[in-house]
Ligand code: CTP
Ligand code: MG
């Protein structure tokens, strides 16, 4: 079995304090986005890749694509003003593919094994997210006062890839446009539709590059993998 993969990569990286898309920043010896793409290419479970970007980044993205050693189709798709809009555009540009994985370009440490595991999950699930059990105790806070401490056994930290039967995710995005639902991940749309979303074990190291500190941690992890 194989999946189509959509990579939202059309953000700005504001929290990084960078003056351009954070995915173009170097991590060790190549741009963040290239690490993400190389992991996806190394997974036999991925047959086709679509990358959503902003037009001003297209030349840089194209350079990265040219540096990749693969025969897999990789398409450049125009992103939107929110992650949700970028994914919606990606879904409209899918070339076939009954099953789709969505994976943030900013999660550049995901391994090929994780992509493989996600592909296998979609053989039986309508929708899933990669997630890990939370290690911290999480507090619900109102103002500056704790109002609840949920049982940690039921708390998972959501990551990407998130995977879905493509027709169902397209329906969920269309409904979101119709009803003005704004969410931060695709699973939330599926949940709003009353569709089941299951959990696939993610990876502790599958962090999302958001700040300069994340970049330093990512460099450390990659150097550990390939000393
Ligand atoms: N993304 C996207 N389209 C947008 C906004 C975000 O495709 N309009 C992508 C980002 O490129 C990233 C992923 O969604 O791969 C997760 O977003 P986030 O980590 O928030 O990235 P940015 O929006 O770029 O960063 P910031 O929020 O700090 O500006
Ligand atoms: Mg953002």
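In the numbering used here, the protein residues as written are 450 to 676.
Where is the CB? At the ideal position from N, CA and C, for every residue including glycine.
Within the region 595-671, ranges of the beta strand (DSSP E) (whole runs, at least 3 residues): 605-614, 647-650
Shell residues, 7 Å Cβ cut-off relative to heavy atoms of the ligand CTP: 457, 458, 459, 460, 461, 462, 463, 464, 465, 470, 471, 472, 501, 528, 529, 530, 531, 532, 534, 535, 553, 554, 555, 657, 659
Beta-carbon proximity check, residue 567 vs residue 610, cutoff 7 Å: yes
Cβ pair residue 529, residue 538 closer than 7 Å: yes
Residue closest to residue 519, alpha-carbon to alpha-carbon, out of 492, 506, 541: 492
Whether residue 496 touches residue 565 by CB criterion (7 Å): no
Assigned secondary structure, residue 528 (DSSP; H/G/I helix, E/B strand, else coil): coil
Backbone CA spacing between residue 670 and residue 654 [nearest angstrom]: 8 Å
Distance between beta carbons of residue 578 and residue 604, contact taken as under 8 Å: Not confirmed; about 14 Å, so no contact.
Residue range of the beta strand (DSSP E) that includes residue 506: Run containing residue 506: none; DSSP gives neither H nor E here.
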